[in-house]
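Data block below; observations after.
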Amino acid sequence: MNLQEKLQQAMMDKINKQKEEGAAFLAANKNNEGVIELPEGLQYTILQEGSGAKPRVNSTVRAHYAGALLDGKEFDSSYKRGQPFEARVNQLIKGWQIVLPMMAEGSKWRLWIPSDLGYGDRGAGAGIPGGATLVFDVELIKVLD
41 MNLQEKLQQA MMDKINKQKE EGAAFLAANK NNEGVIELPE GLQYTILQEG SGAKPRVNST
101 VRAHYAGALL DGKEFDSSYK RGQPFEARVN QLIKGWQIVL PMMAEGSKWR LWIPSDLGYG
161 DRGAGAGIPG GATLVFDVEL IKVLD
């Protein structure tokens with residue numbers, strides 16, 4: 041193997057390790073009280089149930105979130121920035137596109153998102169490795185349209 045092939049193989053080994061750890065975690069987590077697993081493999085638990093409007097896939101929402109890896113390392117938080125974000129649901133990662141239309145305004149859910157519904161093998165920036173299962177606390181503040 042040349043150096044480039046060795047580096048590529050090492051990268052794939054890391055991604056596959058992330059995926060295996062995520063699959064093992066999700067297999068155990070789905071048995072915890074209050075955890076609901078969707079057919080796509082995404083899991084969630086309701087921390088607070090809201091009663092407002094539910095967004096559509098093409099709605100713009102205002103939400104707060106904190107995102108972490110399975111080891112608890114936080115990679116992003118709108119709470120820490122002190123500013124919720126606004127985005128169209130269909131412009132977010134697939135896991136959020138699946139779950140947000142299920143949430144009512146005022147809801148706060150914890151999500152466990154397998155890598156194929158998150159950032160996949162490519163990861164995102166330095167904080168999210170390829171193949172990572174993601175943990176998000178998401179609070180849907182408002183459906184804007």
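For what it's worth, the working numbering labels the leading residue of the sequence shown as 41, then goes sequentially. Where a beta carbon is used, it is the ideal one built from N, C-alpha and C, also for glycine.
Cβ neighbour criterion (16 or more within 10 Å) applied to residue i
{"i": "S91", "result": "exposed"}
{"i": "K79", "result": "In the sequence under discussion, the amino acid at residue 79 is Pro, which differs from the Lys named in the question. Classification for P79: exposed."}
{"i": "K39", "result": "As displayed, the chain neither begins before 41 nor continues past 185, which places residue 39 out of reach and without an answer."}
{"i": "I76", "result": "exposed"}
{"i": "V97", "result": "exposed"}
{"i": "E126", "result": "exposed"}
{"i": "M143", "result": "buried"}
{"i": "E114", "result": "exposed"}
{"i": "E89", "result": "exposed"}
{"i": "L43", "result": "exposed"}
{"i": "G158", "result": "buried"}
{"i": "G135", "result": "buried"}
{"i": "Q131", "result": "exposed"}
Alpha-carbon to alpha-carbon, residue j and residue i
{"i": "Y105", "j": "A50", "result": "32 Å"}
{"i": "D177", "j": "Q48", "result": "33 Å"}
{"i": "A108", "j": "E45", "result": "31 Å"}
{"i": "V183", "j": "E145", "result": "7 Å"}
{"i": "G112", "j": "G74", "result": "20 Å"}
{"i": "Q137", "j": "L110", "result": "21 Å"}
{"i": "V175", "j": "N56", "result": "18 Å"}
{"i": "A164", "j": "A93", "result": "31 Å"}
{"i": "K54", "j": "G170", "result": "8 Å"}
{"i": "E61", "j": "E179", "result": "27 Å"}
{"i": "R102", "j": "A166", "result": "26 Å"}
As assigned by DSSP and simplified to three states, the class of residue i
{"i": "R121", "result": "helix"}
{"i": "K148", "result": "strand"}
{"i": "V75", "result": "coil"}
{"i": "I133", "result": "coil"}
{"i": "L140", "result": "helix"}
Test: residue i CB closer than 8 Å to a CB of chain D
{"i": "L78", "result": "The chain inventory of the structure shown lacks chain D, comprising one protein chain alone."}
Starting from the N-terminal side, write out each stretch of the beta strand (DSSP E) that is 3 residues or longer and does not extend beyond the region 157-185.
-> 174-183
Is there contact between the region 56-74 and the region 141-154, where contact requires at least three CB pairs shorter than 8 Å?
-> yes
Could you pull out every unbroken alpha helix (DSSP H) segment of at least 4 residues lying fully inside the region 42-72, listed in chain order?
-> 43-69
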